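Engineer: Below you will find the structure I want to go over with you.
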Amino acid sequence: SILNEHIPLFNYDEARLVAKLNSNENPYGPSPKVIKAISDSITLGNRYGHGQAKVLIEMIAEKEGVSTDHIMLSPGSSDILEKTAFVQFMNGGNVVSADPSYMSLMNTAQRLGATWKPVLLTGDYQHDLDGMAKAVDSETNLVYICNPNNPTGSITDAAKLKAFCSSVSQKTPVFVDEAYLEFMQDPEANTMVGLVAEGKDVMIARTFSKAHGMAGLRIGYLVALPERIESITSKVRSTMGLCVTSLNGAIASMKEPSFISSCRNMNTECREYTKGEIASLGYDIIPSETSFMIFPLRMEGQPFMKGMYDNGVGVKVFNIEDKPWCRVSMGTKEEMEIFVDTFKKVTA
Ligand code: PLP
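Read in our numbering, the sequence shown has 437 at position 317, and its numbers run on one by one without any break.
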C-alpha cells in the first residue's frame with residue numbers, strides 16, 4: 121500500500137515543492153517541438169480530433185509492426201487499464217499479478233467484484249512466472265504484468281517472460297504494462313509487442329506520460345488482437361476521449377525519437393548519481409531500469425515523509441511487507457542533489 125494516501129497531502133501545495141519526485145514524471149518534457157505542435161493546434165479546438173487520431177494510429181501501427189486494427193488510443197494508459205478491467209471483470213472472475221506491482225487494473229477489477237490473486241516477486245524482484253502460471257485457474261480473466269515493474273523498478277527476464285506470455289495467453293489474455301519500457305537499456309529486446317503480431321492474446325499498454333514527457337497531456341495506447349480492441353471499442357468511438365492538441369503533440373513526439381534517447385541518457389545519469397549517494401549511506405536499492413528507484417527506510421514512514429515534504433521534496437512511501445520504503449522519481453540533476461541533501465537531513 122502507498123502511505124501517501126493516508127496523510128493529508130492537501131496540506132502541501134504540490135506546486136510549491138522544490139523537487140516533485142513522487143509521480144514518476146519526466147522533468148525534461150514535453151519537447152520544444154511538441155510544445156510548438158500543441159500551440160499550433162489550439163485553433164483546431166472547435167473540431168473533434170478523429171482525423172488526428174487516425175494519423176497517430178497509423179504511425180503507431182507502423183512502429184509496432186501491426187495493422188491499425190491492433191491499436192487503440194486513450195487519454196493516458198490509465199484509461200486502458202480501467203477499460204480493460206471493465207470488459208474483463210464486469211462479471212467477476214480473478215486477476216493474477218505480481219505483488220508489489222502497479223495496482224490500477226487490479227483495483228478497478230476488485231471494485232467490479234473480481235478477486236485479486238497476488239503472487240510475490242522473486243528474491244531478485246522479478247515476476248515469479250512459474251508461480252503466476254500456477255495461480256491461473258478457470259476463473260482467471262486476465263494476467264497483469266508490469267515490466268519494468270512499478271514500484272520496484274526491476275525487470276523480468278525477457279526470454280522467460282516471452283515464453284510465459286506465449287503459453288499462458290492460450291488460457292487467458294496476458295496484459296503487459298510497458299509504461300517505463302523506453303528507459304530500459306534495450307527497449308526493443310524487452311518489449312512483448314512482437315507477440316501480438318504473432319497472433320498471441322497479449323495486450324500491450326504504452327504511454328506518452330513517461331519518456332515522452334506528456335503526463336498532463338494524456339495520451340496512451342493499447343496494442344492487442346483486433347478482437348480484444350473490439351471488445352473494448354465495440355459500439356463506442358474510442359477516439360472520443362482524446363484532445364486534438366494532445367494528439368498533435370503525440371504525433372510530433374513520435375517524429376522525434378532523439379528526444380526520448382536524450383531523456384533516457386539524462387535519466388540514467390541521475391539514477392547512477394542518486395544510487396551512488398544513497399547506497400553510500402548504507403541503503404539497499406533495488407536495481408532499477410526505470411525513471412525511479414525504491415529502497416527500504418531505516419525510520420518510520422510517516423515522519424520521513426513529513427520531513428521530506430516540509431522541506432519541499434515530494435516522494436512516495438510504500439508499505440511493503442509492513443516496512444516503509446522510499447520510492448523516488450528521477451528529476452533533474454539539480455533536483456536529485458536537493459533530494460540527497462534533504463534525505464540526509466531528514467534521516468540524520
Ligand atoms: N502504468 C504504470 C506502470 C504507471 O506507473 C503509470 C503511472 O504512473 C501508469 C500506467 C498510468 O500512467 P498514464 O495514465 O499517465 O499513462
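Note that CB positions come from ideal geometry on N, CA and C, so glycine has one too. Here the structure is a predicted model, which is why all the values come from computation and not from measurement.
I need the straight-line Cα distance from Val356 to Asn431, nearest angstrom please.
Structural biologist: Their Cα atoms are separated by approximately 47 Å.
Engineer: Give me, in chain order, the residues of the same chain whose beta-carbon lies closer than 7 Å to that of Ala173; leave out the 5 immediate sequence neighbours on both sides.
Structural biologist: Contacts found: Leu193, Thr359, Leu362, Leu367.
Engineer: Any residue with its C-beta under 6 Å from a non-hydrogen atom of the ligand PLP counts. Can you list them all in chain order?
Structural biologist: Spelled out in chain order, the answer is Asn144, Gly196, Ser197, Ser198, Tyr222, Cys266, Asn270, Asp297, Ala299, Thr327, Ser329, Ala335, Gly340.
Engineer: Is the CB-CB distance between Asp257 and Pro238 below 7 Å?
Structural biologist: The answer is no: Cβ separation not under 7 Å.
Engineer: Give me the residue from Gln305, Asp306, Ile275 with the minimum Cα distance to Val296.
Structural biologist: Nearest C-alpha to Val296: Ile275.
Engineer: Give a yes or no on whether the C-beta atoms belonging to Val216 and Ala255 are separated by under 7 Å.
Structural biologist: Yes, the Cβ-Cβ distance between Val216 and Ala255 is below 7 Å.
Engineer: Could I get the ranges of all uninterrupted alpha helix (DSSP H) runs contained in the region 244 to 306, with 4 residues as the minimum, in chain order?
Structural biologist: Entirely contained in the region 244 to 306, the alpha helix (DSSP H) runs reaching 4 residues are, in chain order, 249 to 255, 278 to 288.
Engineer: Strictly by DSSP, which residues pair up with Pro444?
Structural biologist: Beta-bridge pairing links Pro444 to Asn439.
Engineer: Please classify Leu193: does DSSP put it in a helix, a strand, or coil?
Structural biologist: In the structure shown, Leu193 sits in a strand (DSSP, three-state: E or B).
Engineer: Taking Val466 as part of the alpha helix (DSSP H), name the residues at either end of that continuous run.
Structural biologist: Taken as a continuous stretch (DSSP letters only), the alpha helix (DSSP H) holding Val466 covers 453 to 467.
Engineer: Would you kindly check if the distance between the Cβ of Val343 and the Cβ of His190 is under 7 Å?
Structural biologist: Contact flag set, yes.
Engineer: Lys140 by DSSP, collapsed to three states: which one?
Structural biologist: Correct three-state label for Lys140: strand.
Engineer: Residues in its own chain within less than 8 Å of Lys464 by CB, not counting five upstream and five downstream?
Structural biologist: Hits under 8 Å: Leu401.
Engineer: Specify whether the region 392 to 406 and the region 175 to 182 touch according to this definition: at least 3 beta carbon pairs, one from each stretch, less than 8 Å apart.
Structural biologist: Short answer: they don't touch.
Engineer: In this structure, how does DSSP classify Leu345 when only helix, strand and coil are distinguished?
Structural biologist: It is coil, neither helix nor strand.
Engineer: Looking only at C-alpha atoms, which of Arg167, Val322, Lys443, Lys375 sits nearest to Val364?
Structural biologist: Here the closest residue by C-alpha is Arg167.
Engineer: Quick one: using the 10 Å Cβ neighbour count with 16 as the cut-off for buried, is Pro423 buried or exposed?
Structural biologist: It is exposed - the Cβ of Pro423 has fewer than 16 other Cβ atoms within 10 Å.
Engineer: For Met304 and Glu298, what's the separation of their Cα atoms in angstroms?
Structural biologist: Distance between the alpha carbons of Met304 and Glu298 is about 10 Å.
Engineer: Roughly how many angstroms lie between the CA atoms of Glu95 and Asp160, to the nearest whole one?
Structural biologist: With the chain covering 121 to 468 only, the question about residue 95 has no answer from this structure.
Engineer: In three-state terms, what does DSSP make of Thr327?
Structural biologist: Correct three-state label for Thr327: strand.
Engineer: Mind checking who Ile414 pairs with in its DSSP beta bridge?
Structural biologist: According to DSSP, Ile414 bridges with Arg447.
Engineer: Between the beta-carbon of Arg391 and the beta-carbon of Met450, is there less than 7 Å?
Structural biologist: Contact: yes.
Engineer: Report the option in Ala283, Glu397, Asp306 whose CA atom is closest to the CA atom of Met252.
Structural biologist: Met252 has its Cα closest to that of Ala283, out of Ala283, Glu397, Asp306.
Engineer: By alpha-carbon positions, which one of Gln230, Ser221, Leu232 ends up nearest to Leu240?
Structural biologist: Closest option to Leu240, Cα to Cα, is Ser221.
Engineer: Figure out for me which residue from Phe459, Val460, Ile380 has the closest Cα to the Cα of Lys153.
Structural biologist: Looking at the Cα atoms, Ile380 is the closest of the given residues.
Engineer: May I have a chain-ordered list of the beta strand (DSSP E) segments no shorter than 3 residues that lie completely inside the region 192 to 235?
Structural biologist: For the region 192 to 235, whole beta strand (DSSP E) runs of length 3 or above, ordered along the chain, are 214 to 219.
Engineer: Using a 10 Å radius around the Cβ and a threshold of 16 neighbouring Cβ atoms, would you call Asn142 buried or exposed?
Structural biologist: Classification for Asn142: buried.
Engineer: Select from Pro346, Pro377, Asp248, Ile200 the residue whose C-alpha is nearest the C-alpha of Pro307.
Structural biologist: Checking every option, the nearest Cα to that of Pro307 belongs to Pro377.
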